[in-house]
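In our numbering, the protein residues as written are 431 to 1014.
Structure below.
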């Protein structure tokens, strides 16, 4: 077994003669910078020849987890990843992961092996219409049927995935294509298309000038950065804009880490969890009272806008997005800036520097004081509302302890639901571009552990911390063995409250009752980890968590820290605000 932490071998050059379609595939992937393929056993011919090209296989246990690993790999590496699957049921399991990537604008190339070309429409084993299967979860789906067109279609797939608004591309290839011999005189492609964004473009210069005028003359502007900042690699540009124009910057959940949240003009994460104990609770008026709002790579979705109640109705909006259809979707844009976020922000900052920004700079001291006082108010709220030393353990205590040892280079991932809120609300970003990876495109459960594995594959030198609930973790226990086998050590903390937390609490708020399946029987997740050959620690005393976490991060081993937590603990979700039905 070869560890992913070791350096990839140099690819071997192959002549066109005496090769197969699998060789052509592997050579094309390596040309695009692919060093890792997330796949199990299919296409077998591809995996057999891939090592000759310096490409390694990360063998997932389930296809749904494999697609999620590929997604995280893209988010952390800036490279277009590849995931593979067999036709039929295996292919169907790729759909959830690709759907999340589609909604989150993450490029992934999926190669799906199909039935033999001579067996199409004969009810061959596991035959399925894959073109229809992926229509709602990918931006590009094609079937290559000629061995001499493999290069062409691989390039089309990478171009589709990485260009414009990134997203998944699915290339379907019949099994016999992988063993067919290509012609010796076919044209060979040389382009490398494996990084994103591909083909950056900047917004209309006249629109940039108009946006600069609005911001320079605004009395109460705010910037709300979304996940598009990370996709574009625009965090440093956002930081430069913040400093140059003395602008307060908030983020969405997916935009978390766009700024150094210790910066005196950083607001933090805004949206649907600004209720009691929300870190940005006292800063809500900075958003609601804004006269100019700059949105960057922001979908203005339901959670990010607190069900479209947070953003001001009478403000003037400047919206930057690479996808023109997102601009003005929910808030009509005074200025439409269609283009790459990084290039457009850089151009906007340059335009602002040519203007009189004395009003903005004069307002800065009072704004910094307001933000600082609001954050101190949050700390006081926390001290009054939460007993950090009680048993069962409060998740807020775990996040407080983690935050004390958080470093700028640590990668934090989480599952959806409560886990993503605990992470993004209670941890503080240490630098522009720090990564907090959460599945908020579709927000499905079961993403946490495979996200962590994919992140570690992309950044083997970085410590990876993963927060999951017991409900979500149950989807993907099996991938602990993957982490161990592939030498991709991650630290997983399980919030073990024996309930589906969001579901149970939402049902109590809505109906003052809850369905039976919200409660689980007791499960020892530490024992499961040990059964998979990983480290497993069970925590019942809050004081034991931080030492266990520090030891796990030092160990270099995949470790599950199973923490018995209070089932009545819920994040500061606005719909739960002051609801007595949760005092049970």
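Backbone N, C-alpha and C fix where the C-beta goes; we use that ideal spot for every residue, glycine too.
With residue 458 as the anchor, note down where its alpha helix (DSSP H) starts and where it stops. Here residue 458 refers to the residue found at position 28 of the chain shown. Annotation: the continuous alpha helix (DSSP H) that includes residue 458 extends over 451-461.
Worksheet item: Whose CA, out of 844, 476, 922 and 686, lies closest to the CA of residue 734?
Response: In the chain shown, counting from the first residue as 1, residue 734 sits at position 304. It is 686.
Backbone CA spacing between residue 834 and residue 999 [nearest angstrom]: By one-based count along the chain shown, residue 834 stands at place 404. By one-based count along the chain shown, residue 999 stands at place 569. For residue 834 and residue 999, the distance between alpha carbons rounds to 21 Å.
Worksheet item: For residue 896, which of helix, strand or coil comes out of DSSP?
Response: For this step, residue 896 is matched to residue 466 along the chain shown. Note: residue 896 maps to strand in three-state DSSP.
message: Would you call the stretch 969-978 in contact with the stretch 901-914, where contact means no fewer than 3 C-beta pairs closer than 8 Å?
response: no
(message) Looking at the secondary structure, which residues open and close the beta strand (DSSP E) in which residue 651 lies?
(response) Working through the chain shown from its first residue, we reach residue 651 at position 221. Segment 651-655, the beta strand (DSSP E) holding residue 651.
Inset, instruction - Tell me residue 965's beta-bridge partners as DSSP assigns them. - result: In the chain shown, residue 965 corresponds to position 535, counting from 1. Answer is 989.
I need the straight-line Cα distance from residue 505 to residue 465, nearest angstrom please.
On the chain shown, residue 505 is found 75 positions in, with the first residue counted as 1. On the chain shown, residue 465 is found 35 positions in, with the first residue counted as 1. Distance between the alpha carbons of residue 505 and residue 465 is about 16 Å.
Practice task
List the endpoints of the continuous alpha helix (DSSP H) containing residue 907.
Solution key: Here residue 907 refers to the residue found at position 477 when the chain shown is read from its first residue. That residue, residue 907, is in no alpha helix (DSSP H); it is neither H nor E in DSSP.
Check: How many angstroms separate the CA atom of residue 953 from the CA atom of residue 929?
Finding: Reading the chain shown from its first residue, position 523 is the one you call residue 953. Reading the chain shown from its first residue, position 499 is the one you call residue 929. Here the alpha carbon of residue 953 sits roughly 11 Å from the alpha carbon of residue 929.
Just checking residue 869 against the ligand GDP - is the residue's beta carbon closer than 7 Å to any of the ligand's heavy atoms?
Ligands are entirely absent from the displayed structure, and the ligand GDP is therefore not among its contents.
Length of the line joining the Cα atoms of residue 916 and residue 529: If you number the chain shown from 1, residue 916 lands on position 486. If you number the chain shown from 1, residue 529 lands on position 99. If I take the Cα positions, the gap works out to 26 Å.
Worksheet item: How would you call residue 535, buried or exposed, if buried means at least 16 neighbouring beta carbons within 10 angstroms?
Response: For the purposes of this step, residue 535 is taken as the residue at position 105 of the chain shown. So residue 535 counts as buried.
* With a Cβ-Cβ cutoff of 8 Å, do residue 701 and residue 718 count as a contact? -> As a first step, residue 701 must be located in the chain shown, where it is residue number 271. As a first step, residue 718 must be located in the chain shown, where it is residue number 288. Not a contact, by the Cβ cut-off of 8 Å.
Check your understanding: Quick one: Cα of residue 707 to Cα of residue 872, how far?
Key -> The count along the chain shown starts at 1 and reaches residue 707 at position 277. The count along the chain shown starts at 1 and reaches residue 872 at position 442. Whole-angstrom Cα-Cα distance: 25 Å.
message: Going by DSSP in three states, residue 579 sits in which element: helix, strand or coil?
response: Residue 579 sits at position 149 when you count from the first residue of the chain shown. DSSP places residue 579 in helix when its eight states are reduced to three.
Using three-state DSSP, classify residue 543 as helix, strand or coil. What you label residue 543 is simply residue 113 of the chain shown in a count that begins at 1. Correct three-state label for residue 543: strand.
* What number of angstroms, rounded off, separates the C-alpha of residue 472 from the C-alpha of residue 920? -> Taking the chain shown and counting its residues from 1, the one referred to as residue 472 is at position 42. Taking the chain shown and counting its residues from 1, the one referred to as residue 920 is at position 490. For the pair residue 472 and residue 920, the Cα-to-Cα distance works out to about 26 Å.
Excluding sequence positions up to five away, which residues of its chain have a Cβ less than 8 Å from the Cβ of residue 646? In the chain shown, the residue the question calls residue 646 occupies position 216. Cβ within range, chain order: 675, 782, 785, 786, 787, 789 and 790.
Every unbroken alpha helix (DSSP H) inside the stretch 797-864 [4 residues or more]: 825-835 and 848-856
What is the residue span of the alpha helix (DSSP H) that residue 503 lies within?
-> Position 73 of the chain shown, counting from 1, holds the residue named residue 503. Residues 493-507.
| field | Where residue 986 falls, given that 16 or more other Cβ within 10 Å makes a residue buried | value | Position 556 of the chain shown holds residue 986. By the 10 Å Cβ count, residue 986 comes out exposed.
query: Distance, Cα to Cα, residue 651 vs residue 1011?
result: As a first step, residue 651 must be located in the chain shown, where it is residue number 221. As a first step, residue 1011 must be located in the chain shown, where it is residue number 581. Going by the C-alpha atoms only, they are around 38 Å apart.
Beta carbon of residue 831, beta carbon of residue 979: below 8 Å? In the chain shown, the residue the question calls residue 831 occupies position 401. In the chain shown, the residue the question calls residue 979 occupies position 549. Contact check for residue 831 against residue 979 passes: the beta carbons are separated by less than 8 Å.
ask   = DSSP three-state call for residue 730: helix, strand or coil?
value = To locate residue 730, count along the chain shown from 1; it is residue 300. Here residue 730 sits in coil by DSSP.
| message | For residue 708, report the span of its alpha helix (DSSP H) as first-last. | response | Numbered from 1 along the chain shown, position 278 holds the residue referred to as residue 708. It is not in any alpha helix (DSSP H) - residue 708 carries neither H nor E in the DSSP assignment.
* To do: Could you pull the start and end residues of the beta strand (DSSP E) that residue 487 belongs to?
  => Here residue 487 is taken as the residue at index 57 of the chain shown, counted from 1. Counting along the chain, the beta strand (DSSP E) containing residue 487 begins and ends at 486-488.
Requested in this report: Note down the Cα distance separating residue 577 from residue 452, rounded to an integer number of angstroms.
Outcome: Position 147 of the chain shown holds residue 577. Position 22 of the chain shown holds residue 452. Going from the Cα of residue 577 to the Cα of residue 452 covers about 9 Å.
Bounding residues of the alpha helix (DSSP H) (the contiguous stretch that carries residue 561):
Reading the chain shown from its first residue, position 131 is the one you call residue 561. Start and end: 560-563.
**Report entry** Segment limits, beta strand (DSSP E) that includes residue 751
**Finding:** The count along the chain shown starts at 1 and reaches residue 751 at position 321. It spans 746-751 - the beta strand (DSSP E) in which residue 751 sits, taken as one unbroken run.
Can you tell me whether residue 728 is buried or exposed? The criterion is at least 16 other CB atoms within 10 Å of its CB, across all chains shown. As a working note, residue 728 is residue 298 in the chain shown. Buried.
request  = State the start and end residues of the unbroken alpha helix (DSSP H) segment that holds residue 689.
outcome  = One-based indexing of the chain shown puts residue 689 at position 259. If you look at residue 689, you'll find it isn't in any alpha helix (DSSP H); DSSP assigns it neither H nor E.
What is the rounded straight-line gap between the Cα of residue 602 and the Cα of residue 895?
-> Residue 602 sits at position 172 when you count from the first residue of the chain shown. Residue 895 sits at position 465 when you count from the first residue of the chain shown. Taking the straight line from one Cα to the other gives about 35 Å.
* Leaving aside the five residues before and after residue 659 along the sequence, list all residues of the same chain whose C-beta is less than 7 Å from its C-beta, in chain order. => Against the chain shown, residue 659 aligns to sequence position 229. Correct list, in chain order: 665, 668, 685, 688, 726, 727 and 771.
- Task: Count the other CB atoms, across all protein chains shown, that sit within 10 Å of the CB of residue 672; report buried if there are 16 or more and exposed otherwise.
- Result: Sequence index remark: in the chain shown, residue 672 carries index 242 (1-based). Buried, because 16 or more other Cβ atoms sit within 10 Å of the Cβ of residue 672.
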